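The structure appears below as structure tokens.
Residue numbers (the UniProt record's numbering), protein chains in the order written: chain A, 1 to 76; chain B, 1 to 76.
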């Protein structure tokens, strides 16, 4: 059985980066969801590590946050 | 309708990086699949941009190739 997203360190790194960058830009979860073209509850789930995000959504979130995709996978 | 993986530039960047790093290490697609714990046909599909890879598999492939995950999303 595939591991749950939570058990993947990279999911945690990604969640923390999205949250930090979103808050630095003063964006609500709903506002970021709209910018990225994802459902408004998606960002909350992602930040709680409940999503095994795909490359397609990594790209959309990076564009919405104005960073290069690798930034979202870089641990701080 | 969600875009097909092929229409996502980041899928192409990821595919090229996996292929380049795999060949630099003299690994067959099957050998990399075994190292990463994915099905032996998965690497071929991924390198042909037929897969919308998840963070979970980005992490496993990065570990199998011995690079940090952001390297696989960095365009050269």
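Beta carbons are placed, not taken as given, at the ideal position from N, Cα and C, and that holds for glycine.
It should be emphasised that the depicted structure is a prediction, and the values quoted were computed from it without experimental measurement.
Within the region 10-40 of chain B, the alpha helix (DSSP H) runs of at least 4 residues that lie entirely inside it are, in chain order, 29-36. Cβ neighbours of residue 62/B within its own chain (closer than 8 Å, five residues either side excluded): 68, 69, 71 and 72.
Between residue 74/B and residue 11/B, the C-beta spacing is not below 9 Å. With respect to residue 56/A, residue 17/B sits apart: the two C-beta atoms are not nearer than 9 Å. Below the 7 Å Cβ cutoff, chain B contributes no neighbours of residue 17/A, its closest Cβ being approximately 11 Å away.
Sequence-distant Cβ neighbours of residue 19/B in its own chain, meaning closer than 6 Å and more than five residues away, are 47. Taking 9 Å as the cut-off, the Cβ atoms of residue 42/A and residue 33/A count as close. When only Cα atoms are considered, residue 21/B and residue 28/B end up about 11 Å apart. If you ignore the 5 residues before and after residue 37/B, its C-beta comes within less than 7 Å of the C-beta of 60, all in its own chain and listed in chain order. For residue 41/A, there are no C-beta contacts with chain B under 8 Å, since the nearest C-beta of that chain is about 17 Å from it.
The closest CA to that of residue 45/B, considering only 23/B, 15/B and 76/B, is found on 15/B.
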